[in-house]
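S.K.: Before I ask anything, here is the structure I am working with.
There are 2 protein chains.
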Amino acid sequence: MDKLLITGFSGFVGRYFLEYLALNKIEMEVLGIDSKEPEFDYLQYKNILLVKFVPLDLLNIADFRQVFHDFKPNYILHLASFSSVAYSWNYPVESFANNTNIFLNMTSVVRESKQKVRILSIGSSEQYGDVTKLDIPLKERQQVRPISPYAVARVSQELLAKVFAESYGLEIVLTRSFNHIGPRQDERFVVPSFIKRIAEIKASNLKAGTIETGDIGIVRDFTDVRDVVRAYYLLLMNGRKGEIYNVCSGRGVMLSEMIELIASLLDVQVDTKVNADYVRPNDNKIIIGENFKIRDELGWKPKISLEQSIKDMVSYKFASHFP
Amino acid sequence: MDKLLITGFSGFVGRYFLEYLALNKIEMEVLGIDSKEPEFDYLQYKNILLVKFVPLDLLNIADFRQVFHDFKPNYILHLASFSSVAYSWNYPVESFANNTNIFLNMTSVVRESKQKVRILSIGSSEQYGDVTKLDIPLKERQQVRPISPYAVARVSQELLAKVFAESYGLEIVLTRSFNHIGPRQDERFVVPSFIKRIAEIKASNLKAGTIETGDIGIVRDFTDVRDVVRAYYLLLMNGRKGEIYNVCSGRGVMLSEMIELIASLLDVQVDTKVNADYVRPNDNKIIIGENFKIRDELGWKPKISLEQSIKDMVSYKFASHFP
């Protein structure tokens, strides 16, 4: 049976990846590692998947080496990262070093083992950085101009991965993943935070209310996490070594439209007020990706509409918080 | 008086930088740091320059912080690097981490000090990596495609420097420096190694001989180190913050031409034989830079002809080894 090691197992995407395997009856032995315990029951898929979890800090290479040699994976889904852009502004050195070090530790152990392991390394649309309207939609061959320490770390990881793939023969496939959405997403993220506040208006039996926002004129490219994990599975199995793939919908949504969509689903009137504290400096006006490469090579395209994603997120919010 | 801190002080370029200051009567207080002692007499310029040296490993941030606060430089010439491409192939993790860590340590200390310090960060033409004929001559806006762990580290350093300059206001200017030549260059480098072996033929009173080489069909862009340090001085004083400048001659020389030039200066007949051990894998056929940016903005152009550089290197070789 195939053996899959998932780093950053306890996060939002790790759980959906397990669900994807289970729903599609893809039998696998899975070892999850993360510095924090997962908050979900990973044993629930036991008729399909043999899942174990080991608490592990990837900054500790000796611990990872031990786990790697005990488990002997033939696939690694590398979700782990220190992904906060805000943290990276306050602690640029730590953000850069930690992100690149966990990647270097992981790949070093694979390289020294001389085992054949396919790795999917998850990158970010943040890597594109400072882009102009002419660059939209963003293509994988676009020159990157990262503008945060976090984004520089991700670019460095990608450049190292390409060298490791081309010169050391490591089987690494790379993504630049755009915004994800889906039920259970942390409410610090933009869409769940809108839903939370609009749902609170609804739950108070008010017909209208005001929410404070950052710049809602910005446009982003959102993909449902359930589509994202399907892309990751296809890339892990069949992506080309050393190649970068955008994982995105190819469609831009202005945040103000997102608010209208949520408000109309909940049948409340929402006014917005800009709070300068929520406006990020140097934020790009428009980020939309092009997904032709993954479509053409792997036949992937998003299946879940934005409306469906939002509906599911709203249902989840009500089911879990206003039962 | 201006205070200049030079990292990587003990190397080939550090000594020429001091000579440049002394020859041009640019009075400065200079503190050199390096993990190895300089092999030259840095007190010889004492009528112009107040020079001190402190042995220091930049990987130790506490030591550097102490030295920085004691000296309070207003300029830093950051020459230090782990620059061996060959080492980086054998120890990719160490090469990457050490190169980026010394840069992060240096800039962190400057940033936390809140002092106004102008920094010149030296990069490499290796950063361009995999280029095609159509990209020649290489321009600063060219997309980089680094192909060695060393080159990735240098690209990462540059990307971090740009973020630090644009978002934290650090006064960092950047170079991508092409091949240097000049008297006293280490004989592991290509041109001094040719001179060494052709000079040995000459010194044996032979009229002809054969030397083993790598691929002498490759074309490189060589600048005399005395021109290079003048570029560094101008950039340190007047380069624009966050900007990258090629430091190069703009002229390509095939290594076979270089051999002919040395042979004709020494009046010996040289045949060459390729030794596969000397041929580097994945080496670019042609590397030539464009120097319009530094010419236009700072009025710099090389003054020392290739013929003069080679003549001086040959004279140095004979004066020091065959007196």
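The listed protein sequences correspond, in order, to chains Z and Y. Counting in this note's numbering, the final residue of the first sequence is number 326, and the numbers go up one at a time with none missing. Counting in this note's numbering, the final residue of the second sequence is number 326, and the numbers go up one at a time with none missing. Glycine included, each C-beta is placed from N, C-alpha and C at the ideal position.
On the three-state DSSP scale, how would you describe glutamate 30 (chain Y)?
M.R.: Coil.
S.K.: Just to confirm the assignment: which complete alpha helix (DSSP H) runs, minimum length 4, are found wholly within the region 129-178 of chain Z?
M.R.: Entirely contained in the region 129-178 of chain Z, the alpha helix (DSSP H) runs reaching 4 residues are, in chain order, 152-171.
S.K.: Leaving out five residues before and five after glycine 212 (chain Y) in sequence, what residues of the same chain have Cβ atoms less than 6 Å from its Cβ?
M.R.: Excluding sequence neighbours, glycine 212 (chain Y) sits near Ile204.
S.K.: With 7 Å set as the bound, which would you pick, yes or no: does the beta-carbon of glutamine 146 (chain Z) sit closer than that to a beta-carbon of chain Y?
M.R.: Closer than 7 Å: yes.
S.K.: What residues from chain Z crowd round proline 149 (chain Y), counting only those whose CB sits closer than 8 Å?
M.R.: Ordered by position in chain Z, the residues that pass the 8 Å Cβ test against proline 149 (chain Y) are Leu162, Val166.
S.K.: Does the beta carbon of leucine 107 (chain Y) sit closer than 7 Å to a beta carbon anywhere in chain Z?
M.R.: Judged by the 7 Å Cβ criterion, leucine 107 (chain Y) is in contact with chain Z.
S.K.: Anything in chain Y within Cβ reach of phenylalanine 99 (chain Z), meaning under 9 Å, just list it in chain order.
M.R.: The contacting residues are Thr103, Leu107, Ser159, Leu163.
S.K.: Kindly list, in the order they appear in chain Y, the residues whose Cβ is closer than 7 Å to that of valine 96 (chain Z).
M.R.: Leu107, Ser111, listed in chain order.
S.K.: Near leucine 107 (chain Z), what residues of its chain come up, given a Cβ to Cβ distance below 8 Å and the 5 sequence neighbours on each side ignored?
M.R.: Only Leu163 meet the Cβ criterion.
S.K.: By the 10 Å Cβ neighbour count, where 16 or more other Cβ atoms means buried, how is asparagine 102 (chain Z) classified, buried or exposed?
M.R.: Counting Cβ neighbours within 10 Å, asparagine 102 (chain Z) comes out buried, since at least 16 surround it.
S.K.: If you measure from the beta carbon of proline 152 (chain Y) to each beta carbon in chain Z, is any gap under 7 Å?
M.R.: Yes, proline 152 (chain Y) counts as interfacial toward chain Z.
S.K.: Between which residues of its own chain and serine 111 (chain Y) is the CB-CB distance below 8 Å, once the five residues before and five after are set aside?
M.R.: Here the set comprises Ile64.
S.K.: Return no unless some Cβ of chain Y is closer than 7 Å to the Cβ of valine 155 (chain Z).
M.R.: So yes, valine 155 (chain Z) belongs to the interface.
S.K.: Return the CA-CA distance between threonine 178 (chain Z) and lysine 306 (chain Y), expressed in angstroms with no decimal places.
M.R.: Roughly 47 Å between the two C-alpha positions.
S.K.: Going by the DSSP bridge assignment, what does aspartate 227 (chain Z) pair with across the sheet?
M.R.: Paired residues: Z:Ile184.
S.K.: Is the beta carbon of isoleucine 247 (chain Y) sitting closer than 7 Å to the one on glutamate 143 (chain Y)?
M.R.: Their beta carbons are under 7 Å apart, which means isoleucine 247 (chain Y) touches glutamate 143 (chain Y) by this criterion.
S.K.: Taking the CB atoms as reference points, tell me whether valine 176 (chain Y) and leucine 238 (chain Y) lie closer together than 7 Å.
M.R.: Result yes, Cβ atoms of valine 176 (chain Y) and leucine 238 (chain Y) sit closer than 7 Å.
S.K.: Leaving aside the five residues before and after aspartate 386 (chain Z) along the sequence, list all residues of the same chain whose C-beta is less than 6 Å from its C-beta, in chain order.
M.R.: Nothing can be reported for residue 386 (chain Z), as the shown portion of chain Z is limited to 4 through 326.
S.K.: In whole angstroms, what is the alpha-carbon distance linking asparagine 93 (chain Z) and phenylalanine 67 (chain Z)?
M.R.: Approximately 28 Å, taken between the alpha carbons.
S.K.: Please state the DSSP three-state secondary structure of proline 95 (chain Y).
M.R.: Three-state result, proline 95 (chain Y): helix.
S.K.: Kindly give me the distance between the Cβ atoms of asparagine 249 (chain Y) and glycine 292 (chain Y), rounded to whole angstroms, as I take these residues to be in contact under 8 Å.
M.R.: Their Cβ separation, rounded to whole angstroms, is 4 Å, which keeps asparagine 249 (chain Y) and glycine 292 (chain Y) in contact under 8 Å.
S.K.: Taking the C-alpha atoms as reference points, what is the distance between phenylalanine 167 (chain Y) and serine 323 (chain Y)?
M.R.: Rounded to the nearest angstrom, the two C-alpha atoms are 44 Å apart.
S.K.: Could you check what DSSP says for arginine 121 (chain Z) in three-state terms: helix, strand or coil?
M.R.: Residue state, collapsed to three classes: strand.
S.K.: To which residues does DSSP link histidine 81 (chain Z) through a beta bridge?
M.R.: Note: histidine 81 (chain Z) sits in a beta bridge opposite Z:Thr10, Z:Ser124.
S.K.: From what residue to what residue does the beta strand (DSSP E) around aspartate 218 (chain Y) run?
M.R.: Run containing aspartate 218 (chain Y): none; DSSP gives neither H nor E here.
S.K.: Under a three-way DSSP split, which group does glutamine 47 (chain Z) fall into?
M.R.: In the structure shown, glutamine 47 (chain Z) sits in coil (DSSP, three-state: anything other than H, G, I, E or B).
S.K.: In this structure, how does DSSP classify proline 41 (chain Y) when only helix, strand and coil are distinguished?
M.R.: DSSP places proline 41 (chain Y) in coil when its eight states are reduced to three.
S.K.: Taking the alpha carbon of glutamate 310 (chain Z) as the point to measure from, which residue in Z:Phe321, Z:Lys49, Z:Leu268, Z:Lys304 has its own alpha carbon closest?
M.R.: The shortest Cα separation from glutamate 310 (chain Z) among Z:Phe321, Z:Lys49, Z:Leu268, Z:Lys304 belongs to Z:Leu268.
S.K.: Examine the ligand GDP and report whether any of its heavy atoms sits within less than 6 Å of the Cβ of alanine 211 (chain Y).
M.R.: Judged by which ligands are present, the structure shown has none, so any question about the ligand GDP falls away.
S.K.: With distances taken from CA atoms, which of Y:Ala25, Y:Ile221, Y:Ala154, Y:Asn278 is nearest phenylalanine 99 (chain Y)?
M.R.: Considering only alpha carbons, the answer is Y:Ala154.
S.K.: Considering just the uninterrupted stretch of the beta strand (DSSP E) at aspartate 274 (chain Y), what are its terminal residues?
M.R.: Residues 272-277.
S.K.: Quick check on this structure: which residue in Y:Pro140, Y:Glu161, Y:Pro152, Y:Pro149 has the alpha carbon closest to the alpha carbon of arginine 148 (chain Z)?
M.R.: Of Y:Pro140, Y:Glu161, Y:Pro152, Y:Pro149, the residue nearest in Cα terms is Y:Glu161.
S.K.: List the DSSP bridge partners of proline 58 (chain Y).
M.R.: BP columns for proline 58 (chain Y) point to Y:Asp37.
S.K.: To the nearest angstrom, how far is the alpha carbon of glycine 14 (chain Y) from that of arginine 254 (chain Y)?
M.R.: Distance between the alpha carbons of glycine 14 (chain Y) and arginine 254 (chain Y): 25 Å.
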